[in-house]
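2 protein chains.
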Amino acid sequence: MLKQKEITMQTRQNLIDAFWSLYRVCRIESITIKEITQKAGYNRGTFYEYFTDVYDVLHQIEDTLIPRIDELPPIQLTEKQLGMPLDLFLDLYEKNSKYYSILLGDNGDPAFATKLKNATKPILLEAFNRNSVYTDTELDYILEYILSAMIGIMSHWFARDKDLPVTRLIELVHDLMGTSLIQRIQSTE
Amino acid sequence: MLKQKEITMQTRQNLIDAFWSLYRVCRIESITIKEITQKAGYNRGTFYEYFTDVYDVLHQIEDTLIPRIDELPPIQLTEKQLGMPLDLFLDLYEKNSKYYSILLGDNGDPAFATKLKNATKPILLEAFNRNSVYTDTELDYILEYILSAMIGIMSHWFARDKDLPVTRLIELVHDLMGTSLIQRIQSTE
DNA sequence: TTTTATCCAACAACGTGTCGTATGTTTTTA
DNA sequence: TAAAAACATACGACACGTTGTTGGATAAAA
């Protein structure tokens, strides 16, 4: 039997769950280790066997939520399927909405949005034509713009309990991105 | 003489300055009141005459940084001058860059971005044609998209020490917003 | 002088991180 | 297969630092 491993995993998860049940309603700064361990039913000292401090729990959770490059679907930027970055985020968000909607919300962690952007930038760059009319620096700004917008509108959508059909949301983003930009990014000059 | 008032103001400002000198390099959770008052040269108890806790300092600072509606310039959305929201943010950012670049950065406060968006939304709505093809809800999503994007690209620009001429940044945003959207927002159906 | 307000020192309560130990599990040995 | 050794997990107790409050000292304003 590998009971030990299971217990360890279970304890860790219990602590994480207890933390999250607090984090989703409190600012992180007001969360004490005592609260977490009490909620999970452990001694306060046990916490330190698994995490260094409260922020360590958050960061460990975040790390599991950043998609690895190879996990993400390959992407093609065509005029027809240009809601692309949105599809990507819709999937990601839907899959982890429990965490994303908090982490990207008002009491969330601004660093998480940055991590997310940096993780998805390479994927999108792949879809861009290397010989576009933009320099690398400029492309980076363009990505920053698009990703910020995408995260912003998605967070808004979740925060408002999806008071818009997905199809309409996609149409809106389609309108917002415009076709001219895609053409410019693709253009081989 | 109103020496008293001056002293009060000065003490308050000293505490705020001391706080900020710490906040710009530390996460807020690691800032202690002891540090603040030591840096400012006061007793720890004095802090509580002015603020309730560390977060109160931050929020009081933030409140002075949110533009009042009447402070913002009136706005007109024309095809030629459509970098508009960017101009607005360029001004705001430039004027308070010392604070904005931190508050909107990785160690900043995500709630501040929301405050900022909500404060500027009415201004932009004013510029939109009421009879556009979009419903109120949809317009709100559009604004959320645009403002998130604008804040994102501006923060990026400042974080990277403006490694792009302003003129080029404006051109990029111009490309990104596209003219078709503006037309749709303006269209009287 | 009286009143008002700023600033300070001291206090109790609380949270933090660490260390030694007990308990239960896995592995080794007889 | 059973006892013993080695290991890991969870706990209680400790010293330390931070918090927020209260009562008093000092200086300005009335």
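Chains as they are written, first to last, in my numbering: chain A, 1 to 189; chain B, 190 to 378.
Glycine included, every Cβ here is placed at the ideal spot set by N, Cα and C.
query                                                                                                                       : result
Contact set for A:Y100: own chain, Cβ-Cβ below 6 Å, skip 5 residues either direction                                        : Y93
Given 8 Å, three or more beta-carbon pairs between the region 197–212 of chain B and the region 171–178 of chain A          : no
Chain B contact residues for A:D87, given Cβ-Cβ distances below 8 Å                                                         : Those within 8 Å of A:D87 in chain B number zero; the least Cβ separation is about 16 Å.
Nearest neighbour of A:M150, chosen from A:I170, A:E138, A:I31 [CA to CA]                                                   : A:I170
Sequence-distant residues of its chain with Cβ nearer than 8 Å to B:L332 (five each side left out)                          : K306, K310, L313, L314
Contact under 7 Å by Cβ, A:T52 with A:R44                                                                                   : no
Enclosing alpha helix (DSSP H) for A:D136 [first to last residue]                                                           : 136–159
Element boundaries [alpha helix (DSSP H), containing B:T221]                                                                : Careful: B:T221 lies outside any alpha helix (DSSP H) and carries neither H nor E.
Distance, B:R216 Cα to A:Y48 Cα                                                                                             : 21 Å
Contact with chain B by A:A18, beta-carbon distance below 7 Å                                                               : no
Three-way DSSP call (helix, strand, coil) for B:A207 in this model                                                          : helix
DSSP three-state assignment for B:K306, whether helix, strand or coil                                                       : helix
Span separating the alpha-carbon of B:I220 from that of A:F128                                                              : 43 Å
Contact under 7 Å by Cβ, B:L254 with B:N296                                                                                 : no
Chain A contact residues for B:S290, given Cβ-Cβ distances below 7 Å                                                        : Correct list: empty, because the minimum Cβ distance to chain A is about 12 Å.
Chain B within 7 Å of A:P110, Cβ atoms only                                                                                 : yes
Chain-order list of residues whose beta-carbon lies under 7 Å from that of A:N14 (same chain, five-residue window excluded) : A40
Interface partners of A:A149 on chain B, CB under 8 Å                                                                       : Y334, I335, S337, A338, G341
C-alpha gap between A:E189 and A:R12, whole angstroms                                                                       : Summary for A:E189: the model assigns pLDDT 43, below 50, so the residue's position carries little reliability; its value from the coordinates is reported in the next sentence. Going from the Cα of A:E189 to the Cα of A:R12 covers about 54 Å.
Secondary structure of A:Y42, DSSP reduced to three states                                                                  : coil
Coil, strand or helix - A:V25 by DSSP                                                                                       : coil
Helix, strand or coil at A:P122 according to DSSP, with G and I counted as helix                                            : helix
Minimum Cβ-Cβ distance from A:T190 to chain B less than 7 Å                                                                 : The shown model of chain A, from 1 to 189, leaves out residue 190 of chain A, and the question about it has no answer.
A:S155 versus A:R68 - alpha carbon distance                                                                                 : 21 Å
Helix, strand or coil at B:F240 according to DSSP, with G and I counted as helix                                            : coil
Whole-angstrom C-beta distance between A:L164 and A:W157, which should lie under 8 Å                                        : 7 Å
DSSP-derived helix/strand/coil call for B:V322                                                                              : coil
Amino acids of chain A, ordered along the chain, whose beta-carbon sits closer than 8 Å to that of B:E327                   : L164, R168, L172
As assigned by DSSP and simplified to three states, the class of B:R257                                                     : coil
Cα-Cα separation, A:T46 to A:K34                                                                                            : 10 Å
Assumed close pair A:P29, B:E251 - CB separation to whole angstroms, cut-off 8 Å                                            : The identity of residue 29 of chain A in the sequence shown is Glu, whereas the question assumes Pro. About 16 Å separates the two Cβ atoms, so there is no contact after all.
Burial state of A:P85 (16 or more Cβ within 10 Å)                                                                           : buried
Beta-carbon neighbours of A:D191, restricted to chain B and to distances below 8 Å                                          : Given that chain A is displayed from residue 1 to residue 189, the structure contains no residue 191 of chain A and the question cannot be resolved.
Proximity to A:E71 [Cα-Cα], best of A:T8, A:Q60, A:D91                                                                      : A:D91
Interface residues of chain B facing A:H156 [CB-CB closer than 7 Å]                                                         : Y330, E333
B:V246 burial status per 10 Å Cβ neighbour count (16 or more: buried)                                                       : buried
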